[in-house]
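Colleague: Using this note's numbering, read the sequence shown as starting at 948 and increasing by one per residue.
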Amino acid sequence: MSTLAEAIEAIRRIRPRRVVVFTGAGVSAESGIPTFRGAGGLWRDFRAEDLATPDAFARDPLLVWQWYEWRRTLIRDAQPNAAHRAVARLPDAVVVTQNVDGLHARGGARDVIELHGSIVRVRCVRCGREREAFEAFESLPPHCECGALLRPGVVWFGEMLPPYALERAAEEIRNADLLLVIGTSGVVQPAAGLVALHRRLSIEINPEASALSSACTLAIPATAAEATPAIVDAILEGRDA
Ligand code: OAD
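1. Distance check for D1180 and F895, CA to CA, integer angstroms please.
2. From the DSSP secondary-structure annotation, give me the bridge partner or partners of I1060.
3. In chain order, what residues of the same chain lie with their CB nearer than 7 angstroms to the CB of A1003, ignoring the 5 residues before and after it?
4. A1035 lies in the alpha helix (DSSP H); which residues open and close that run?
5. Taking the straight line between their C-alpha atoms, what separation do you get for A1156 and R1070?
6. Counting only the same chain and skipping the five closest in sequence on each side, list residues whose C-beta sits under 8 angstroms from that of T950.
7. Suppose contacts are defined by Cβ-Cβ distances below 8 angstroms. Is V1067 in contact with F1081 by that definition?
8. Considering only residues of the same chain and omitting the five flanking positions on each side of A1139, which have a CB-CB separation below 6 angstroms?
9. Write down the C-beta distance between P1088 and L1021 rounded to the nearest angstrom, noting that I regard them as a contact closer than 8 angstroms.
10. The alpha helix (DSSP H) that contains I1120, what's its start and end?
11. Taking R991 as the reference, which of Y1015, A1143, M948 has the closest Cα?
12. Between the beta-carbon of G1064 and the beta-carbon of V1042, is there less than 8 angstroms?
13. Let me make sure I understand the geometry here. Which of D1024, W1017, P1038 has the alpha-carbon closest to that of R964?
14. From I1060 to G1094, what does the alpha carbon distance come to, in whole angstroms?
15. Just to check, is the beta-carbon of W1103 closer than 7 angstroms to a non-hydrogen atom of the ligand OAD?
16. May I ask whether a heavy atom of the ligand OAD can be found less than 7 angstroms away from the beta carbon of Q1013?
17. For A972, which option in P1154, C1163, L1165, I1182 has the closest C-alpha, if you only look at C-alpha atoms?
18. Hey, is Q1045 close to the ligand OAD, as in C-beta under 7 angstroms from one of its heavy atoms?
19. Determine whether the beta carbon atoms of L1144 and I1120 lie at a separation below 8 angstroms.
20. Distance, Cα to Cα, V1102 vs L1108?
21. Report all residues from its chain with a CB closer than 7 angstroms to the CB of A1169; omit the five preceding and five following residues, and keep chain order.
22. For P1099, which beta-bridge partners are listed by DSSP?
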């Protein structure tokens, strides 16, 4: 484990220009959105792996949609927190997120790669038409105009990540001077594997040790909203000097 002061010192030394911020559910925890693993991660005793799959949707689309509507309502009512806002102060940072909540963009981030899609998008399972659906549906499960079921516009376990998103994320991470890894357990592939592509300074912000802690140069045991603003200040300070 490292201190925030050590991380700030390391950033001052390298004055990073190309910054990538890799995030997971923990970055939105302080906005009131429960993480998938750890305390509060279960919904009605189900784990994400039991619900976020094509099989679960084929078996019980209503149950899967009830879970997504619950998460969609929380997300609609949530606000970006100090970590989302701090990341957005980095004018040319690339945010690579596993989150489907859209809070980085709502917090002002300009360049967000959504590896796992977006919960405010829906797609027809038959005609493939995709559209935004921010508001709650009147009845569940929702249907397309063509009569078939709509599904959330997210990536489920066992499905491919959008190839362009994955390729661009890999490229940006490989070329970054500094990689911030915020609020992810680092256990879901292929997203978590992207961190291994980075060879320069990497700093994790997570109150708990994760599967990625030892792969990062420094790991700060703090919450996203506690530590991210000071880290961003240090990056920007380096640029003014
Ligand atoms: P997880 O729920 O697996 O992990 C959340 C991480 O956030 C944990 O390591 C926590 O210690 C950390 N954490 C909790 N509160 C925090 C805070 N306030 N500040 C910083 N960190 C905090 O979430 P992900 O790693 O995002 O995929 O999960 C990866 C994927 O698994 C998700 O994208 C989703 C899920 O199932 C799919 O649905 C395909």
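We treat Cβ as the ideally placed atom computed from N, Cα and C, and that holds for glycine.
Modeller: On the basis of the supplied data:
1. This structure cannot speak to residue 895, because the chain is shown only from 948 to 1188.
2. V1043
3. D997, V1011
4. 1029–1035
5. 36 angstroms
6. I1167
7. yes
8. G1133
9. Their Cβ separation, rounded to whole angstroms, is 19 angstroms, which puts P1088 and L1021 out of contact at 8 angstroms.
10. 1110–1122
11. Y1015
12. no
13. P1038
14. 31 angstroms
15. yes
16. no
17. P1154
18. yes
19. yes
20. 6 angstroms
21. L951, I1152, P1154
22. V1069
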